[in-house]
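This report refers to the structure that appears directly beneath it.
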Amino acid sequence: MNQQTQQDFINMVEKMPPFPKSAHRIMELAADINCNPKDLVQVIEHDPVITMKLLKLVNSAFFSLAREITSIRHALVYLGLNTVKNLALSIATIQAIPHKKLDNFNTHHFLLHALTTASIAQRIVHRFDSKLDPGDAFIAGLLHDFGKMVFAQFSPDAFAKAIDLSQQKQQSLHLSEQEILGMDHAEIGGLLAEKWELPQELIQCIRNHHQNIQTPLHNAIFVANQISKQLNFGQGGNPVIEPLPEHIEEVLGMNLLMFIDSLDGLSKEAAKAKEFIDI
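Counting in the numbering used here, the sequence shown runs from 13 upward without gaps.
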């Protein structure tokens, strides 16, 4: 199979829908330490899809609140700013994923992996830098594999062959993508993040999440990604669970399995993600 050209990949990215304006605005508010919760409520309420899905989710069995929540303002009171922000951001971001069924790629499993990686990254990012915003780790974890959606939509046959090759060789998917397609999902994910005009730190984290780059945000995403794979939280086509690099083990003081054992409630993160997807 002939590998595709750089222009082919650029054309694929250009066919992707724009990043939702509401998601951009939520990210801007999240980055503002002086954010007024009323501003977040206003942004969410101006998007009827986010409002409907968020209220349906917070009234689901998972949260088991004592009373019915009928407004975003009430959701903020009962669940807190960060929870509502992450739920709204997830709903808005997932609007950029096509709702049609994709051949040879399970979008449900993909989303489960993305959401659990995001939640875990948010929980562990302080282990690498106490000053990092957990919200940044959440959105980086959520979007780290979105390049796969580009391949799954616009080069499905080649992408399926890359997934098969990874299974046969038991090698990381990004290596098989480079062999079959000539570019991997991290690289094209970086192009997509540029199209979406995301913050530069986030673009670099998405583009380099399979590289041995020693930044706190990158480390958190790498570890969260391996935890999701180790615990079978969703599936993005990559069969390989990569060992933690030495510099990460030094920071954590333990290997991957030991670190997983030290974290409570991981199964709840997966349950919450499944509930979210089914709404």
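C-beta: ideal position from N, C-alpha, C; glycine also. Please read these numbers as outputs of a predicted model, since none were measured by experiment.
Problem set entry | Asp20: first and last residue of the uninterrupted alpha helix (DSSP H) it sits in | Note, Asp20: alpha helix (DSSP H), Gln18 to Lys27.
Exercise. Looking only at C-alpha atoms, which of Ala104, Ile103, Thr105 and Ser76 sits nearest to Leu91?
Worked result: Ser76
For this session: Can you check the segment 162-214 for any alpha helix (DSSP H) of at least 4 residues that lies completely inside it and give the ranges in chain order?
Result: Those alpha helix (DSSP H) runs which fall completely within the segment 162-214 and span 4+ residues are 168-181, 185-192 and 197-207.
Exercise. Terminal residues of the continuous alpha helix (DSSP H) containing Glu261?
Worked result: Glu258 to Leu264
Exercise. Any contact of the segment 114-133 with the segment 145-159, i.e. 3+ C-beta pairs under 8 Å?
Worked result: Touching, per the Cβ criterion.
Exercise. With a Cβ-Cβ cutoff of 8 Å, do Leu268 and Gln242 count as a contact?
Worked result: yes
Exercise. When the Cα atoms are used, what is the spatial distance from Pro211 to Val263?
Worked result: 26 Å
Exercise. With a cut-off of 8 Å, do at least 3 Cβ pairs link the segment 225-243 to the segment 167-186?
Worked result: no
Exercise. With 16 as the cutoff for other CB atoms within 10 Å, does Asp157 come out buried or exposed?
Worked result: buried
Exercise. For the ligand ZN, is there a heavy atom less than 7 Å away from the beta-carbon of Asn237?
Worked result: This structure lacks the ligand ZN, and indeed carries no ligand of any kind.
Exercise. So is Glu26 buried or exposed if we call it buried at 16+ other beta carbons inside 10 Å?
Worked result: exposed
Exercise. Leaving out five residues before and five after Gly249 in sequence, what residues of the same chain have Cβ atoms less than 6 Å from its Cβ?
Worked result: Ile175 and Leu185
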